[in-house]
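Engineer: Positions 1 to 421 (full-length UniProt numbering) are the ones given, in order, by the sequence shown. Here a beta-carbon is modelled for each residue, glycine too, at the ideal position from N, C-alpha and C.
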Amino acid sequence: MNLARCWTLLLFRNRTPHNHESSWRVCWGMVGLLLLADRGLDVAGQRLAMAQDGANQVSSSKPIPGWEVTPDSEAALQKGLAWLARNQGTEGNWESEDLGLVGLGGLSFLAAGHLPQRGRYGDTVDRAFKYVLKKAKPSGLLNSADAQRDMYNHGLAAFVLGQAYGMTGDPQIGRVLDKSLRLISNTQCEDGGWDYRAKRQQHGHDLSLVVMQAKALRSAVDSGFEVRNDVVRLAIQSVRDHYKAENGARGFDEKAQEGPGQFTYDGNRTTLAMAACGVVCLQEFGQYDDWRIAKNMEQISKEVSRIRPNRGSGEVPFDAYTLYYVGQAIYQTGGADWQKNYPALRDYLVASQVKRPENPGEDGSWRDTRWVHGKQGQLYGTAVACFILAMPNRYLPILQEGKIEGLKDQLSGPPAANKPR
Numbered sequence: 001m002n003l004a005r006c007w008t009l010l011l012f013r014n015r016t017p018h019n020h021e022s023s024w025r026v027c028w029g030m031v032g033l034l035l036l037a038d039r040g041l042d043v044a045g046q047r048l049a050m051a052q053d054g055a056n057q058v059s060s061s062k063p064i065p066g067w068e069v070t071p072d073s074e075a076a077l078q079k080g081l082a083w084l085a086r087n088q089g090t091e092g093n094w095e096s097e098d099l100g101l102v103g104l105g106g107l108s109f110l111a112a113g114h115l116p117q118r119g120r121y122g123d124t125v126d127r128a129f130k131y132v133l134k135k136a137k138p139s140g141l142l143n144s145a146d147a148q149r150d151m152y153n154h155g156l157a158a159f160v161l162g163q164a165y166g167m168t169g170d171p172q173i174g175r176v177l178d179k180s181l182r183l184i185s186n187t188q189c190e191d192g193g194w195d196y197r198a199k200r201q202q203h204g205h206d207l208s209l210v211v212m213q214a215k216a217l218r219s220a221v222d223s224g225f226e227v228r229n230d231v232v233r234l235a236i237q238s239v240r241d242h243y244k245a246e247n248g249a250r251g252f253d254e255k256a257q258e259g260p261g262q263f264t265y266d267g268n269r270t271t272l273a274m275a276a277c278g279v280v281c282l283q284e285f286g287q288y289d290d291w292r293i294a295k296n297m298e299q300i301s302k303e304v305s306r307i308r309p310n311r312g313s314g315e316v317p318f319d320a321y322t323l324y325y326v327g328q329a330i331y332q333t334g335g336a337d338w339q340k341n342y343p344a345l346r347d348y349l350v351a352s353q354v355k356r357p358e359n360p361g362e363d364g365s366w367r368d369t370r371w372v373h374g375k376q377g378q379l380y381g382t383a384v385a386c387f388i389l390a391m392p393n394r395y396l397p398i399l400q401e402g403k404i405e406g407l408k409d410q411l412s413g414p415p416a417a418n419k420p421r
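#1: For Glu315, is the classification buried or exposed, using 16 other Cβ atoms within 10 angstroms of its Cβ as the cut-off for buried?
#2: What is the rounded straight-line gap between the Cα of Trp67 and the Cα of Pro138?
#3: What three-state label does DSSP hand Gln400 in the structure shown?
#4: Out of Lys340, His154, Ile388, Asn93, which one is the CA nearest neighbour of Lys215?
#5: Can you give me the Cβ contacts of Gly364 inside the same chain, cut-off strictly under 6 Å, excluding the 5 residues immediately before and after it?
#6: Rounded to a whole number of angstroms, what is the C-alpha to C-alpha distance between Asp146 and Glu258?
#7: Quick check on Gly327: buried or exposed, where buried means 16 or more other Cβ atoms within 10 Å of its Cβ?
#8: Please state if the CB of Val384 and the CB of Leu345 are separated by a distance shorter than 7 Å.
#9: Around the Cβ of Ser238, are there at least 16 other Cβ atoms within 10 angstroms (buried) or fewer (exposed)?
#10: Give me the Cα-Cα distance between Ser208 and Arg118, rounded to the nearest whole angstrom.
#11: Helix, strand or coil: which one does DSSP assign to Lys244?
#12: Going by CA-CA distance only, name the one from Asp368, Thr382, Glu246, His203 that's closest to Arg86.
#13: In three-state terms, what does DSSP make of Thr333?
#14: First and last residue of the beta strand (DSSP E) that includes Gln262?
#15: Helix, strand or coil: how does DSSP classify Glu258 here?
#16: How about Gln279 and Asn296: do their beta carbons lie closer than 7 Å?
#17: On the premise that Val210 lies in contact with Ala245, defined as a C-beta separation below 8 Å, what is that separation, rounded to the nearest angstrom?
#18: Please work out which residues of its chain come closer than 6 Å, Cβ to Cβ, to Lys179, disregarding the five sequence neighbours upstream and downstream, and give them in chain order.
#19: Given Asn143, which residues of its chain have a CB within under 7 Å of its CB, disregarding the five upstream and five downstream residues?
#20: Spell out a yes or no on whether the stretch 222-234 and the stretch 246-254 are touching, meaning 3 or more CB-CB pairs, one atom from each, closer than 8 Å.
#21: Pairing CB atoms from the stretch 272-290 with CB atoms from the stretch 343-363, are three or more of them under 8 Å?
#22: Give the single residue among Arg370, Asp347, Asp191, Ile388 whose Cα lies nearest to the Cα of Asp266.
#23: Is Gly202 buried or exposed, if buried means 16 or more other CB atoms sit within 10 Å of its CB?
#24: Is the Cβ-Cβ distance between Leu101 and Tyr380 less than 7 Å?
#25: Give me, in chain order, the residues of the same chain whose beta-carbon lies closer than 6 Å to that of Val176; leave out the 5 immediate sequence neighbours on both sides.
#26: Relative to the C-alpha of Gly89, which candidate in Thr70, Arg127, Val69, Leu110 has its C-alpha closest?
#27: Which residues does DSSP pair with Thr270 in a beta bridge?
#28: Out of Ser96, Ile398, Gln262, Met212, which one is the CA nearest neighbour of Tyr321?
#29: Who are the near neighbours of Ala37 in its chain, counting only those whose CB is closer than 6 Å to its CB and skipping five residues on each side?
#30: Do Leu396 and Gln163 count as a contact pair if the criterion is CB distance below 7 Å?
#31: Output needed for Pro357: all residues of its chain with C-beta closer than 7 Å, excluding positions within five of it in sequence on either side, in chain order.
#32: With 16 other CB atoms within 10 Å as the buried threshold, where does Ala4 fall?
#33: Relative to the C-alpha of Thr124, which residue among Glu97, Gly193, Gly92 is closest?
#34: Gly166 and Ser108 - do their beta-carbons sit closer together than 7 Å?
#35: From this set, Pro360, Gly377, Gly361, which residue's C-alpha is nearest Asp368's C-alpha?
#36: Output the distance between the C-alpha atoms of Glu74 and Gly122, rounded to the nearest integer angstrom.
Structural data, given as structure tokens:
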């Protein structure tokens, strides 16, 4: 990392579409983060006067708005990171071979400002990414679990590596990331989606897989990689194809604009997670004026308003998967959606976090009980919770405006024929 990279980051503005306040605050905060990381200082926990290990803590030149972060949410984030560090295995994983989950563990530290080999959690972050890199296959596939989870693990792990590369410039990460991006392009199905297995077919399986890969592509673009526009345009078309109005109209049918509607899992089944997935994908590729965003945000806001924490239970709102996308959807939409909904998610996580100092295997954790159970469920829940609590820092490249802004018009048009790769 060098000063040139820091100045490059000054070109990025605060990625809160339709709400561009504090742009330069975030840029200077990023410069401070990178300069101090070069000197081996840890800048996470910026609202604390002193870190527990005695290293000086610094903040952005201008503070993050007080409503976004509270003393309780900062304390909860620090306890969550401490749980992740304390319970990480010697190889760098958390009793999980799912590279997507291991990557999420590393992402939570990046989001809080901790870089590999730097500061208090430098070794923790470094081990997590080295585990992912070590398990990458020669083809670039980021999955060491069964083949039915190829593209789930691959998309999530590739997204995280893109964020890590954007913050570190590590050439080893870059080499693996380059292969993983080629695999994403080469396995895109003819309709713009992806299958669970890493192979190209006529039809993709569902919206969740589209968004997993699309986020990896967006992550790579902001980290300086070239991504084929036709692949992105076809993915955006697939997202729009998954929209269904309550009147039965779908996709690009003009009648779909009439009345309420949502993004669907498979063209039929609507879920909160898919509503958030669709919003995130369109927002992250600059499609801010797509009418489908507002319709899905109405449903997302309605569901967020209903959540009530079970204090100390360790439960995350909804489930870890849904929370991961809902948090990003409200952030990317920005404005009133962010200001209204983020405090509800934040305060829920603060209240539900496990607080049992006598039990280091539980204290500071959250868990997912819907999709993943046991220790892996703790990893999933805690990593996502920490990611959500750390979002106001805006350290991750995905939370900044970047190269994608200049490509918005190129990505808005109809996709070219999906030629064989």
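Structural biologist: The structure says:
#1: For the purposes of this step, residue 315 is taken as residue 315 along the sequence shown, with counting starting at 1. So Glu315 ends up on the buried side.
#2: Taking the first residue of the sequence shown as 1, we reach residue 67 at position 67. Taking the first residue of the sequence shown as 1, we reach residue 138 at position 138. Cα-Cα distance, rounded: 46 Å.
#3: Stepping through the sequence shown from its first residue, residue 400 is reached at position 400. It is a strand residue.
#4: In the sequence shown, counting from the first residue as 1, residue 215 sits at position 215. Taking only the C-alpha atoms, the option nearest Lys215 is His154.
#5: Position 364 of the sequence shown holds residue 364. Excluding residues within five positions, the ones whose Cβ falls inside 6 Å are Lys79, Gly80, Ala82, Trp83.
#6: Here the question's residue 146 lines up with position 146 in the sequence shown. Here the question's residue 258 lines up with position 258 in the sequence shown. A direct Cα-Cα distance of roughly 42 Å separates Asp146 from Glu258.
#7: Taking the sequence shown and counting its residues from 1, the one referred to as residue 327 is at position 327. Classification of Gly327: buried, given that the 10 Å Cβ count is 16 or more.
#8: Position 345 of the sequence shown, counted from the start, is the residue given in the question as residue 345. Position 384 of the sequence shown, counted from the start, is the residue given in the question as residue 384. In this structure, Val384 does not lie closer than 7 Å to Leu345 by Cβ.
#9: Here residue 238 refers to the residue found at position 238 of the sequence shown. Flag for Ser238 reads buried.
#10: The count along the sequence shown starts at 1 and reaches residue 208 at position 208. The count along the sequence shown starts at 1 and reaches residue 118 at position 118. Rounded to whole angstroms, Ser208 to Arg118 spans 34 Å at the Cα level.
#11: On the sequence shown, residue 244 is found 244 positions in, with the first residue counted as 1. Note: Lys244 maps to strand in three-state DSSP.
#12: On the sequence shown, residue 86 is found 86 positions in, with the first residue counted as 1. Of the candidates Asp368, Thr382, Glu246, His203, the one whose C-alpha sits nearest the C-alpha of Arg86 is Thr382.
#13: The sequence position of residue 333 within the sequence shown is 333, counting from 1. Correct three-state label for Thr333: helix.
#14: Numbered from 1 along the sequence shown, position 262 holds the residue referred to as residue 262. Taken as a continuous stretch (DSSP letters only), the beta strand (DSSP E) holding Gln262 covers 261-263.
#15: The residue labelled residue 258 in the question sits at position 258 within the sequence shown. Glu258 falls in the coil class under three-state DSSP.
#16: Mapped onto the sequence shown, residue 279 falls at position 279. Mapped onto the sequence shown, residue 296 falls at position 296. The question names Gln, yet the displayed sequence has Val at residue 279. Taking 7 Å as the Cβ cut-off, Val279 and Asn296 qualify as a contacting pair.
#17: Locating residue 245 in the sequence shown gives position 245, counting from the first residue. Locating residue 210 in the sequence shown gives position 210, counting from the first residue. The Cβ separation is near 19 Å, so there is no contact.
#18: On the sequence shown, residue 179 is found 179 positions in, with the first residue counted as 1. Within the same chain, Lys179 has close Cβ partners Gly140.
#19: The residue labelled residue 143 in the question sits at position 143 within the sequence shown. Once the five neighbours on either side are set aside, the close Cβ partners of Asn143 are Leu99, Arg149, Asp150, Asn153, His154.
#20: no
#21: With a cut-off of 8 Å, the stretch 343-363 and the stretch 272-290 do not count as touching, because too few Cβ pairs lie within range.
#22: Residue mapping note: residue 266 aligns to position 266 of the sequence shown, counting from 1. Closest option to Asp266, Cα to Cα, is Asp191.
#23: Stepping through the sequence shown from its first residue, residue 202 is reached at position 202. Reading the sequence as shown, one finds Gln at residue 202 and not Gly. Gln202 is exposed by the Cβ-count criterion.
#24: In the sequence shown, residue 101 corresponds to position 101, counting from 1. In the sequence shown, residue 380 corresponds to position 380, counting from 1. Their beta carbons are under 7 Å apart, which means Leu101 touches Tyr380 by this criterion.
#25: Translated into positions along the sequence shown, residue 176 becomes position 176. Excluding residues within five positions, the ones whose Cβ falls inside 6 Å are Leu133, Ala136.
#26: If you number the sequence shown from 1, residue 89 lands on position 89. Closest option to Gly89, Cα to Cα, is Arg127.
#27: What you label residue 270 is simply residue 270 of the sequence shown in a count that begins at 1. According to DSSP, Thr270 bridges with Thr264.
#28: For the purposes of this step, residue 321 is identified with residue 321 of the sequence shown, where counting begins at 1. Ranking Ser96, Ile398, Gln262, Met212 by Cα distance to Tyr321 puts Met212 first.
#29: To locate residue 37, count along the sequence shown from 1; it is residue 37. Bear in mind that the predicted position of Ala37 carries a pLDDT of just 42, short of 50, making it too unreliable to give a figure here.
#30: The residue labelled residue 163 in the question sits at position 163 within the sequence shown. The residue labelled residue 396 in the question sits at position 396 within the sequence shown. Contact flag set, yes.
#31: Along the sequence shown, read from residue 1 onward, the residue named residue 357 stands at position 357. For Pro357, where only same-chain residues beyond five positions count, the Cβ hits under 7 Å are Asp363.
#32: As a working mapping, residue 4 is identified with position 4 in the sequence shown. With a pLDDT of 37 at Ala4, under the threshold of 50, the predicted position of this residue should be treated as unreliable, though the coordinate-derived value follows. Under this definition Ala4 is an exposed residue.
#33: Here residue 124 corresponds to residue number 124 of the sequence shown, with the count starting at 1. The residue with the shortest Cα to Cα distance from Thr124 is Gly92.
#34: Within the sequence shown, the letter at position 108 stands for residue 108. Within the sequence shown, the letter at position 166 stands for residue 166. No, they are not a contact pair.
#35: Here residue 368 is taken as the residue at index 368 of the sequence shown, counted from 1. Nearest of Pro360, Gly377, Gly361 to Asp368, Cα basis: Gly377.
#36: Numbered from 1 along the sequence shown, position 74 holds the residue referred to as residue 74. Numbered from 1 along the sequence shown, position 122 holds the residue referred to as residue 122. Each residue's alpha carbon lies about 19 Å from the other.
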